[in-house]
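Visitor: Numbering (this note's numbering), first residue to last: 20 to 108.
First the structure, then my questions, so here it is.
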């Protein structure tokens, strides 16, 4: 069974699904950008704002930080979650 990507986990250990997070943010951004006739651009920005959270590195980090997979090693510091860079050698 494949786990759905996680956007974040709150203080009560509730998981916020990444797809749900991105769609909700896209909707809000579209509403704000509609004020200056750019709803489509706002929606796109909202969909892409955390695209890097789909990376395996970030998903390992968020799972480990939440305690659900504490056996995974996590790099010190922050994990890039805002860019969708390809780290393939």
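Ideal Cβ placement from N, Cα and C applies to all residues, glycine included.
Taking DSSP's pairing of strands, which residues face residue 25 in a bridge?
Guide: Numbered from 1 along the chain shown, position 6 holds the residue referred to as residue 25. As a beta-bridge residue in DSSP terms, residue 25 pairs with 36.
Visitor: Given this structure, state the Cα-to-Cα distance separating residue 76 from residue 50, to the nearest angstrom.
Guide: The residue given as residue 76 occupies position 57 in the chain shown. The residue given as residue 50 occupies position 31 in the chain shown. In a straight line, the C-alpha of residue 76 is about 32 Å away from that of residue 50.
Visitor: Less than 8 Å between C-beta atoms, sequence neighbours within five positions excluded: which residues of the same chain meet that for residue 24?
Guide: In the chain shown, residue 24 corresponds to position 5, counting from 1. Around residue 24: 36, 37, 38, 72, 73 and 78.
Visitor: Ignore the nearest five residues each way along the sequence and tell me which others in residue 60's own chain have a CB closer than 8 Å to its CB.
Guide: Translated into the one-based positions of the chain shown, residue 60 becomes position 41. Excluding residues within five positions, the ones whose Cβ falls inside 8 Å are 52.
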